[in-house]
Amino acid sequence: MQVCCKPSRRVVKDVGKFPLVLFSPGLGGSRLLYNVLAESLASAGYAVATMDHTFEALVVEYPDGSFTPGLNASYWDPSIPGRLESLLGVRVEDGRFVLSQLGRKDVVRKLAPGSACGFNTSRVAFYGHSFGGATAISALMNDTRFTGAINMDGTQYGNQTDVKKPALLFGRAKPSPHNRTNDASWEGVWRHLKGWRRELGLEDSEHLTFGDVPLLLKLIRLPIPVKPIIGSLDGERSFEIITTYIEAFMDYVLKGKKSELFDGPSEKFPEIVVG
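Quick note on my numbering: the sequence shown kicks off at 220 and runs consecutively.
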């Protein structure tokens, strides 16, 4: 096995210099299915905190070694009135709690031994996939510490309020589109986005394109029919596109660097439709 990093004796004491980003996975999913995406963003100079949500993930382990197993799928059954809205509220509070903890020096020292301070939690970006994307947008609307959010292919739930902070809806283009024209929840949330906003569509993608799965399946050359769930776009190519646009958004929100990628069609990435 090879790893993409190497140990170093140098300790970064001022972790606050790294812009902080939070991530939330899809409903009932695990943050571990998005590790490569997170590592790519971290390699660009960001501190990325990925979350598992208690009772949804297969298991959540706590710092003292105790753990909570996940519940069966009935826990997030969308046919139960108000269930997803309730879970969304729980997830948003998870994100707010994690953010508060990451601002504490004593907590961060356990995560990054030798650090002399907590992370800067006054300006933080939030991205997520599927229900995690809905979580990111909802958190943006409910906590002033979040300054930008990306919803990757997730139907939006919950009560919404106007927000003047940057937001990106990253969905799908032909042949299986997911955008404001066929998802009323996206059209609804779009009206509340009063600041910088963009909608992107990725051609030849499906719902699970927005994670590590397409890349991993290509690398292990698994011969199974997966196009209905990950699309026909090459796994390495989809990874390159998604990580490039995520990084460009974070650069804009947290570093003030504007990118022409969001202005219209790109010669380098013709698979992206900008709305």
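Even for Gly, the Cβ is constructed at its ideal location relative to N, Cα and C.
| Asked | Found |
| --- | --- |
| For the beta strand (DSSP E) containing valine 279, name the first residue and the last one. | 278-280 |
| For phenylalanine 217, write down the residues that DSSP places opposite it in a beta bridge. | Residue 217 lies beyond the range of the chain shown here (220 to 494); nothing can be said about it. |
| Which residues in the same chain as arginine 399 place their Cβ atom closer than 8 Å to its Cβ, once the five residues preceding and following it in sequence are excluded? | Leu388, Trp405, Glu406, Trp409, Glu418, Gly494 |
| Can you list the beta strand (DSSP E) stretches of 3 or more residues lying completely in the segment 410-456, in chain order? | 416-421 |
| Using a Cβ-Cβ cut-off of 7 Å (strictly less than) and excluding sequence neighbours within five positions of glutamate 466, which residues of its own chain qualify? | Leu260, Ala263 |
| How big is the Cα-Cα spacing for phenylalanine 350 and asparagine 370? | 8 Å |
| Since glycine 314 is in the alpha helix (DSSP H), which residue starts that stretch and which ends it? | 302-321 |
| Looking at the structure shown, is threonine 463 part of a helix, part of a strand, or coil, going by DSSP? | helix |
| For glycine 430 and arginine 310, what's the separation of their Cα atoms in angstroms? | 19 Å |
| Taking 8 Å as the threshold, find out whether the segment 458-472 comes into contact with the segment 280-294 through three or more Cβ pairs. | no |
| For phenylalanine 286, does the three-state DSSP call read helix, strand or coil? | strand |
| Using three-state DSSP, classify glycine 483 as helix, strand or coil. | coil |
| Between the alpha carbons of glutamate 275 and arginine 416, how many angstroms are there, rounded? | 30 Å |
| Would you call the CB atoms of tyrosine 253 and histidine 348 closer than 9 Å? | yes |
| Would you call alanine 344 buried or exposed, if buried means 16 or more other Cβ atoms sit within 10 Å of its Cβ? | buried |
| Find the nearest neighbour of valine 327 within the set Val472, Leu239, Ala355, Ala358, judged by alpha-carbon distance. | Leu239 |
| Tell me the DSSP secondary structure of methionine 220 in three-state form. | Note on methionine 220: pLDDT 34, under 50, position unreliable in the model; the coordinate value appears next. Coil at methionine 220, not helix or strand. |
| What are the start and end residues of the beta strand (DSSP E) that includes serine 259? | From DSSP, serine 259 is part of no beta strand (DSSP E) but of the alpha helix (DSSP H) over 254-261. |
| Using DSSP's beta-bridge definition, name the partner residues of leucine 387. | Ile369, Arg417 |
| Quick one: grab the DSSP three-state call for alanine 355. | helix |
| In terms of residue numbering, what span does the alpha helix (DSSP H) encompassing leucine 241 cover? | First-last for leucine 241: 239-243, but that is the beta strand (DSSP E), not the alpha helix (DSSP H). |
| Residues in the same chain with beta-carbon distance under 6 Å from aspartate 423, minus the five sequence neighbours each way, listed in chain order, please. | Gly450, Ser451, Leu452 |
| Across the segment 319-338 and the segment 287-302, are there enough close Cβ pairs to call them in contact, namely three or more that are closer than 8 Å? | no |
| Going by DSSP, name the residue or residues bridged to isoleucine 491. | Leu421 |
| Over what stretch of residues does the alpha helix (DSSP H) that includes valine 327 continue unbroken? | 324-330 |
| Within its chain, find whatever has a CB closer than 7 Å to the CB of aspartate 402; leave out the 5 residues flanking it on each side and keep chain order. | Thr374 |
| Between the C-alpha atoms of aspartate 482 and arginine 364, what's the straight-line distance to the nearest angstrom? | 27 Å |
| Can you name the residues that DSSP bridges to histidine 397? | Arg391 |
| Is the distance from the Cβ of phenylalanine 468 to the Cβ of tyrosine 346 below 9 Å? | yes |
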